[in-house]
Each structure stands twice: as structure tokens, then as C-alpha cells.
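What follows is the structure, given as C-alpha cells:
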């Protein structure tokens, strides 16, 4: 039980507190507007934040319910227990990384709410680095753990963005 709680607390601290604080601080320190009409950014932020939050919670529930594990696994170092089963149901039907999709929506919502091009640039860098990490570290581990089941799943479901079938498979 301790590992479950620790995994979620570490994830919440890093992705729910520290990174959003970085985006907010960067936006305030370097106020470069993203939109000419700030109200547009606030409307877009609301449209991004709610689905992002839904995907973050939904994906965590799916990991526990279907995978019998948690999300806190970084470069072979597990805080919460690793999933036992490959999760392909629930939010994982739409994207192989619904938690990343959700949190990136929340981060982009912060950038647009603040009307900050600098924060949006940091968000883009975050998204690139996370995609590279997933491709080079996480996916090889998933192939080792789940073999052909994961390979087939990877061919059917987009990496980050739901319904992104017009993009090449990564």
C-alpha cells in the first residue's frame, strides 16, 4: 500500500505541482503573449483543461482496474507496483499514453489561460522530450514485458493523441 501512495504522491508533486509552477513562473517572468485577445486563450484553456483532467484520472483508474498496477515507473525504477496486465481498455483504447495526453492538455490549458508564448514553448519541449522517452525507453520495456500483444496494440492505437490516425505510427 505504501508504494501505491508513494507513487501517486511523487507523480502529483512532479506533474501536478512542480511542472505547472514552472509554466506559470516562466509565463510571468517572460510575458510574451500567445494571443492578441486573451479571452480567446481562456476559452481555449477551458476546452483543454476539462478533457485533460478526465484523461488523467481515467487513465490512472484504468491502470489500477485492468493493469493491477500504477503509473510511477521511470527508466526501470518503479515506485508504485508495475502493471501486471497490458491495459488496452478504457482510456487506453484511444491513445497508448492517455495520461500524457491528459496532462499535456492541462499544461497547454495553463499556457493558453496565461496567454504565454514562453510557457507554450516549454510545453512543446516537454511534449517532444516525453515522446522521445516513450519511444526509446518505455515502449522497449513494454515490448519486453508484453511482447506481441503490445506490438499489435501499438499498430492499432496512436501514441499520444486520440484519433490521430492521419499521423504516421510512431
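Numbering (the working numbering), first residue to last: 1 to 170. Cβ atoms here follow ideal geometry from the backbone N, Cα and C, with glycine treated the same way.
Complete runs of the alpha helix (DSSP H) confined to the region 15-68 [at least 4 residues]: Complete alpha helix (DSSP H) runs here, min 4: 19-29, 38-62.
In whole angstroms, give me the CA-to-CA distance for residue 37 and residue 118. Sequence index remark: in the chain shown, residue 37 carries index 37 (1-based). Sequence index remark: in the chain shown, residue 118 carries index 118 (1-based). Rounded to whole angstroms, residue 37 to residue 118 spans 17 Å at the Cα level.
Using three-state DSSP, classify residue 11 as helix, strand or coil. Taking the first residue of the chain shown as position 1, residue 11 is located at position 11. Three-state DSSP puts residue 11 in a helix.
I need the DSSP call for residue 91, collapsed to helix, strand or coil. On the chain shown, position 91 is the one that residue 91 refers to. If DSSP states are grouped into helix, strand and coil, residue 91 belongs with the helices.
Here's the rule: buried if 16 or more other CB atoms are within 10 angstroms of the residue's CB, otherwise exposed. What is residue 147? Sequence index remark: in the chain shown, residue 147 carries index 147 (1-based). Residue environment analysis places residue 147 among the exposed positions, since fewer than 16 neighbouring C-beta atoms fall within 10 angstroms of its C-beta.
Distance, residue 107 Cα to residue 52 Cα: Taking the chain shown and counting its residues from 1, the one referred to as residue 52 is at position 52. Taking the chain shown and counting its residues from 1, the one referred to as residue 107 is at position 107. Their Cα atoms are separated by approximately 9 Å.
Taking 8 Å as the limit between beta carbons, can you name the residues of its chain near residue 58, skipping five residues before and five after? Along the chain shown, read from residue 1 onward, the residue named residue 58 stands at position 58. The beta carbon of residue 58 sits closer than 8 Å to the beta carbons of 90, 91, 98, 102 from its chain, once the five residues preceding and following it are set aside; these are given in chain order.
Less than 7 Å between C-beta atoms, sequence neighbours within five positions excluded: which residues of the same chain meet that for residue 44? For the purposes of this step, residue 44 is identified with residue 44 of the chain shown, where counting begins at 1. Closer than 7 Å at the Cβ level, and outside the excluded window around residue 44, lie 112.
Residue range of the alpha helix (DSSP H) that includes residue 101: Here the question's residue 101 lines up with position 101 in the chain shown. Element bounds for residue 101: 98-114.
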